[in-house]
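Participant: Take this structure first; my questions come after.
Protein chains in written order, with this note's numbering: chain H, -1 to 508; chain B, 25 to 75.
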């Protein structure tokens, strides 16, 4: 029998979501200060309205929903999934008020794209948005990369045992330190250190290219945030193509590849375990699939006779392939070039890399290198089992921070997530084809949305059908949270409607 | 004197920790460069074969 969640369950969930929305209000203070500093009064007012709405929501739920009980596992899953949707609705307020969007749905699309570090956008006239709004766009992708739950844990959840439950529900399973709140702070320590270093190098490169110091600084910080979070947002509509700079491209490539590494790997290497970078299954998986992608890309380019020189190949081919593989979405070519210039072989190499994606517990999306490693080792084990004598015992292990022996549960878990990704990729592609888009374009953009990449072959635009926008929002959200929390939310909604009895899920678990 | 030693120890510990972090960053940078170089090598080989 499905039990209907009690009022107490709803209160616990509401209280935690209120804290997350308070976190969004606190982040909005930064673009507000930027707007005021740049005398952008209209933008400042937009952020003020956004902050007031968030604070009002928090005050209401803090008073109405406060209960002296901690979160259970199921609550954690619901808070993570519903928290992202609520954060999208509130975060979209300054976006919508800016006047750069055709509808609130478009503003929500950009918000979800930012939080999930996708990088697709429906914003109009990007080259003329205020500094405040640009700061907000890039900040939310930077914050979303670490996880908005991680932010809330870092600053607003001190000491609750339920914190771990919502942390895990956001698609991050690694615990860098025994305490999950200290883990969240360690993630921030890595990200903020790279923010200083990466932005500094980009600032030097942009200034060298002739950009004024002040503008160069803002662009450097924004480009860093967009690259590190593997979001792919940039302050110009032409993305990285706008800068025409080898050094800017090289530095952003380094940033987004490092940004796509697992936070546990960063922490391990930073704390002195240097060999981990060579032994880690995700680094090996990434290197292997990138090199396979480069092999196919080179064949495709060679066949067409394009990008044959080293700088051209690096800047137009390798850069975009790796940008796709790390699910960043920074691009040095026009959207239509993937289809019209790359040729089918190079385009499918990019699609293949996008679908695989980056590392688990990183800022990236896609199947993740860890799961590719698990599946590859499982298949290798099966082949070894076939060719070995019946009595032999074949075991396989992967190395990720420590040696992990593969068992059925690990393999099933990895397969379940990979199949779920393939289902949303397929549904998104089918919907695009039904709406009359070219199949390769529909597949490219659907995989880009589901894997949180952000490269586009030209489908994503403010003029796309509303249903497709909604489905892409779902794809970005489900892909980022890796499905479990999303299924839990659907189950929760079902239990609210069809459940019987009034016992609390929390009490039932005890 | 003990107090001063303790402070000095803390400062040294902090510098050592940040030194480790910087080395970690350099190793991650090297890993990305190594993958990029391998990719460019593959490109050269394929280019030579296709030609």
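Where is the CB? At the ideal position from N, CA and C, for every residue including glycine.
#1: On the criterion of 16 or more Cβ atoms from any shown chain inside 10 Å, does residue 376 of chain H qualify as buried, or is it exposed?
#2: Check the Cβ-Cβ distances between residue 30 of chain B and every residue of chain H, and say whether any is below 8 angstroms.
#3: Would residue 244 of chain H be called buried (16 or more neighbouring beta carbons within 10 Å of its own) or exposed?
#4: At a Cβ cut of 8 angstroms, what residues of the stretch 34 to 56 of chain B count as close to chain H, listed as they run along the chain?
#5: Output needed for residue 23 of chain H: all residues of its chain with C-beta closer than 6 angstroms, excluding positions within five of it in sequence on either side, in chain order.
#6: Within the 8 angstroms Cβ cut-off, does residue 269 of chain H reach chain B?
#7: Enumerate, from N- to C-terminal direction, the unbroken alpha helix (DSSP H) stretches of 4 or more residues contained entirely within the stretch 420 to 496 of chain H.
#8: So with CB distances below 8 angstroms, who are the chain H contacts of residue 64 of chain B?
#9: Suppose contacts are defined by Cβ-Cβ distances below 8 angstroms. Is residue 490 of chain H in contact with residue 76 of chain H by that definition?
#10: Mind listing which residues of the stretch 231 to 261 of chain H have their C-beta closer than 8 angstroms to chain B's C-betas, in chain order?
#11: Using a Cβ-Cβ cut-off of 8 angstroms (strictly less than) and excluding sequence neighbours within five positions of residue 25 of chain H, which residues of its own chain qualify?
#12: Reducing DSSP to helix, strand and coil, say where residue 125 of chain H ends up.
#13: If you follow the beta strand (DSSP E) that residue 396 of chain H is in, where does it begin and where does it stop?
#14: Measuring straight from C-alpha to C-alpha, what distance separates residue 252 of chain H and residue 497 of chain H?
#15: Quick one: what does DSSP say residue 273 of chain H is sitting in, helix, strand or coil?
#16: Kindly indicate the opening and closing residues of the alpha helix (DSSP H) around residue 378 of chain H.
#17: Just how far apart, CA to CA, sit residue 459 of chain H and residue 333 of chain H?
#18: Assuming the contact rule is C-beta atoms closer than 8 angstroms, residue 450 of chain H and residue 328 of chain H should be a hit. Round their C-beta distance to whole Å, please.
#19: When you compare each of H/232, H/278 and H/325 to residue 125 of chain H by their alpha carbons, which one comes out closest?
#20: Run the CB neighbour count on residue 210 of chain H, radius 10 Å, all protein chains shown included, and call it buried at 16 or more, exposed below.
#21: Which chain B residues sit within Cβ distance under 7 angstroms of residue 509 of chain H?
#22: What are the boundary residues of the alpha helix (DSSP H) that includes residue 318 of chain H?
#23: In terms of residues, what are the limits of the alpha helix (DSSP H) holding residue 44 of chain H?
#24: Give the DSSP bridge partners of residue 402 of chain H, in chain order.
#25: Would a check of beta-carbon distances place residue 354 of chain H closer than 8 angstroms to chain B?
#26: Going by beta carbon distance, what residues of the same chain come within less than 7 angstroms of residue 474 of chain H, once the five residues before and after it are set aside?
#27: So, at 6 angstroms on beta carbons, what are the nonlocal neighbours of residue 298 of chain H in its own chain, with the 5 sequence-adjacent residues on each side left out?
#28: State yes or no: is the C-beta of residue 291 of chain H within less than 8 angstroms of the C-beta of residue 305 of chain H?
#29: Between residue 404 of chain H and chain B, is there a C-beta pair that is closer than 8 angstroms?
#30: Do you know whose CA, among B/54, B/38, B/32 and B/27, lies nearest residue 249 of chain H's CA?
#31: I'd like the ranges of any alpha helix (DSSP H) spanning at least 4 consecutive residues and lying wholly in the stretch 191 to 235 of chain H.
#32: For residue 409 of chain H, which residues in the same chain have their Cβ closer than 8 angstroms to its Cβ, ignoring the five residues on either side in sequence?
#33: Between residue 351 of chain H and residue 484 of chain H, what straight-line distance do the alpha-carbon atoms span, to the nearest angstrom?
#34: Quick check on this structure: which residue in H/67, H/55 and H/66 has the alpha carbon closest to the alpha carbon of residue 85 of chain H?
#35: Between the C-alpha atoms of residue 387 of chain H and residue 379 of chain H, what's the straight-line distance to the nearest angstrom?
#36: Establish whether the CB of residue 181 of chain H and some CB of chain B are separated by less than 8 angstroms.
Facilitator: On the basis of the coordinates in this document:
#1: Residue 376 of chain H sits at position 378 when you count from the first residue of the first chain. It is buried - the Cβ of residue 376 of chain H has at least 16 other Cβ atoms within 10 Å.
#2: Position 6 of the second chain, counted from the first residue, corresponds to residue 30 of chain B. For residue 30 of chain B, no CB of chain H lies under 8 angstroms from its own CB, so it is not counted at the interface with that chain.
#3: By 1-based counting over the first chain, the position of residue 244 of chain H is 246. Its Cβ having fewer than 16 others within 10 Å, residue 244 of chain H is exposed.
#4: 44, 45, 47, 48, 49, 51, 52, 53, 55 and 56
#5: The sequence position of residue 23 of chain H within the first chain is 25, counting from 1. Closer than 6 angstroms at the Cβ level, and outside the excluded window around residue 23 of chain H, lie 49, 52 and 53.
#6: As a first step, residue 269 of chain H must be located in the first chain, where it is residue number 271. At least one chain B Cβ lies under 8 angstroms of residue 269 of chain H.
#7: 437 to 448, 464 to 479 and 482 to 496
#8: Numbered from 1 along the second chain, position 40 holds the residue referred to as residue 64 of chain B. Near residue 64 of chain B (Cβ distances below 8 angstroms), the residues of chain H are 308, 311, 312 and 316.
#9: Walking along the first chain from the start, residue 490 of chain H turns up at place 492. Walking along the first chain from the start, residue 76 of chain H turns up at place 78. For residue 490 of chain H and residue 76 of chain H, yes; Cβs fall inside 8 angstroms.
#10: 251, 252, 255, 256 and 259
#11: Here the question's residue 25 of chain H lines up with position 27 in the first chain. Closer than 8 angstroms at Cβ, skipping near neighbours: 137, 138, 141 and 149.
#12: To locate residue 125 of chain H, count along the first chain from 1; it is residue 127. Helix.
#13: The count along the first chain starts at 1 and reaches residue 396 of chain H at position 398. Here the beta strand (DSSP E) through residue 396 of chain H covers 395 to 398.
#14: Along the first chain, one-based indexing puts residue 252 of chain H at 254. Along the first chain, one-based indexing puts residue 497 of chain H at 499. Near 51 angstroms, if we compare the C-alpha coordinates of residue 497 of chain H and residue 252 of chain H.
#15: In the first chain, counting from the first residue as 1, residue 273 of chain H sits at position 275. In the structure shown, residue 273 of chain H sits in coil (DSSP, three-state: anything other than H, G, I, E or B).
#16: By one-based count along the first chain, residue 378 of chain H stands at place 380. Where residue 378 of chain H is concerned, the enclosing alpha helix (DSSP H) stretches over 367 to 385.
#17: The residue you call residue 459 of chain H lines up with position 461 of the first chain. The residue you call residue 333 of chain H lines up with position 335 of the first chain. Straight-line Cα distance between these residues: approximately 11 angstroms.
#18: Here residue 450 of chain H corresponds to residue number 452 of the first chain, with the count starting at 1. Here residue 328 of chain H corresponds to residue number 330 of the first chain, with the count starting at 1. Contact doesn't hold; Cβ gap of about 13 angstroms is too wide.
#19: By 1-based counting over the first chain, the position of residue 125 of chain H is 127. Ranking the options by Cα distance to residue 125 of chain H, first place goes to H/232.
#20: By one-based count along the first chain, residue 210 of chain H stands at place 212. Flag for residue 210 of chain H reads exposed.
#21: The structure shown does not extend to residue 509 of chain H, since chain H is modelled only from -1 to 508, so the question has no answer here.
#22: Working through the first chain from its first residue, we reach residue 318 of chain H at position 320. It spans 317 to 323 - the alpha helix (DSSP H) in which residue 318 of chain H sits, taken as one unbroken run.
#23: Here residue 44 of chain H corresponds to residue number 46 of the first chain, with the count starting at 1. Counting along the chain, the alpha helix (DSSP H) containing residue 44 of chain H begins and ends at 39 to 62.
#24: Residue 402 of chain H sits at position 404 when you count from the first residue of the first chain. Beta-bridge pairing links residue 402 of chain H to H/396.
#25: Numbered from its first residue, the first chain carries residue 354 of chain H at position 356. No - not a single Cβ of chain B is within 8 angstroms of the one on residue 354 of chain H.
#26: Position 476 of the first chain holds residue 474 of chain H. Closer than 7 angstroms at Cβ, skipping near neighbours: 110, 111, 114, 116, 447 and 450.
#27: Numbered from 1 along the first chain, position 300 holds the residue referred to as residue 298 of chain H. Result list for residue 298 of chain H: 341, 343 and 344, in chain order.
#28: The residue labelled residue 291 of chain H in the question sits at position 293 within the first chain. The residue labelled residue 305 of chain H in the question sits at position 307 within the first chain. It is not a contact, given that the beta carbons lie outside the stated cut-off.
#29: Counting from one through the first chain, the residue named residue 404 of chain H turns up at place 406. It does not: the Cβ of residue 404 of chain H has no partner Cβ on chain B nearer than 8 angstroms.
#30: On the first chain, position 251 is the one that residue 249 of chain H refers to. Considering only alpha carbons, the answer is B/54.
#31: Taking only runs of at least 4 residues, the alpha helix (DSSP H) segments lying wholly in the stretch 191 to 235 of chain H are 211 to 226.
#32: By one-based count along the first chain, residue 409 of chain H stands at place 411. Once the five neighbours on either side are set aside, the close Cβ partners of residue 409 of chain H are 372, 373 and 376.
#33: Here residue 351 of chain H refers to the residue found at position 353 when the first chain is read from its first residue. Here residue 484 of chain H refers to the residue found at position 486 when the first chain is read from its first residue. Spanning the two alpha carbons is a distance of roughly 25 angstroms.
#34: Against the first chain, residue 85 of chain H aligns to sequence position 87. It is H/55 whose Cα lies nearest to the Cα of residue 85 of chain H.
#35: For the purposes of this step, residue 387 of chain H is identified with residue 389 of the first chain, where counting begins at 1. For the purposes of this step, residue 379 of chain H is identified with residue 381 of the first chain, where counting begins at 1. Spanning the two alpha carbons is a distance of roughly 13 angstroms.
#36: Indexing the first chain from 1 puts residue 181 of chain H at position 183. Judged by the 8 angstroms Cβ criterion, residue 181 of chain H is not in contact with chain B.
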